[in-house]
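K.L.:
Once you've had a glance at the structure underneath, I'll fire off some questions.
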Amino acid sequence: MGIKLEEKNGQWLINEPYFKEWANKQNLSVGDIILEIDGHNINELNNNIKYYPVIRAARELTFVNKEDGQLSHLQIAPFDVFQQFIYIFLLPACYFLLSLIVSFYLNQFHKSIFSRA
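This is the structure:
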């Protein structure tokens, strides 16, 4: 997911979402206050986030919109972000198919060499 955070006055604010187009569609913007990640208060996760302030993966976010102060809950599906779908599913699938084709080719090549002998 890649949402960079920064701490100001004891609150964790969105500093920079990696997938800006997706964030705009979800009504996430720079300056929104993150309250919960996957149902856990962000201050309970403070030790992990303090040293590396990035939300890398989450199924649910609770945040306060900076524009209107409205509390929002965001459900995140695993493949909501198309780039994430490519990295998690499509590239490994292509690698698997390429490996399978090469192994079948080498198997046939191996058989043809030993059948001549």
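If you want the numbering used here, it's the 1-based position in the sequence shown plus 6.
Glycine is no exception: its CB is placed at the ideal position from the N, C-alpha and C atoms.
Quick check: what's the CA-CA separation for ASN21 versus PRO98?
P.N.:
Here residue 21 refers to the residue found at position 15 when the sequence shown is read from its first residue. Here residue 98 refers to the residue found at position 92 when the sequence shown is read from its first residue. The straight-line gap from Cα to Cα measures roughly 31 Å.
K.L.:
Leaving out five residues before and five after LEU80 in sequence, what residues of the same chain have Cβ atoms less than 6 Å from its Cβ?
P.N.:
Counting from one through the sequence shown, the residue named residue 80 turns up at place 74. GLN32, LEU67.
K.L.:
Tell me whether the region 50-61 and the region 91-110 touch, counting them as touching only if at least three CB pairs, one residue from each stretch, are closer than 8 Å.
P.N.:
No: the two stretches stay apart, fewer than three of their Cβ pairs being nearer than 8 Å.
K.L.:
Select from GLU27, ILE9, LEU112, HIS116 the residue whose C-alpha is nearest the C-alpha of LEU19.
P.N.:
Residue numbering aside, residue 19 sits at position 13 when the sequence shown is read from its first letter. Out of GLU27, ILE9, LEU112, HIS116, ILE9 has the C-alpha closest to the C-alpha of LEU19.
K.L.:
Quick test of your reading: ALA64 and ILE43, contact by CB under 8 Å. State the CB separation rounded to the nearest angstrom.
P.N.:
Numbered from 1 along the sequence shown, position 58 holds the residue referred to as residue 64. Numbered from 1 along the sequence shown, position 37 holds the residue referred to as residue 43. At roughly 5 Å, the Cβ-Cβ gap stays under 8 Å, so ALA64 and ILE43 are in contact.
K.L.:
Could you pull out every residue in the same chain whose Cβ sits closer than 6 Å to the Cβ of VAL125, ignoring the five residues on either side in sequence?
P.N.:
It is not possible to answer for residue 125, since the shown part of the chain is limited to 7 through 123.
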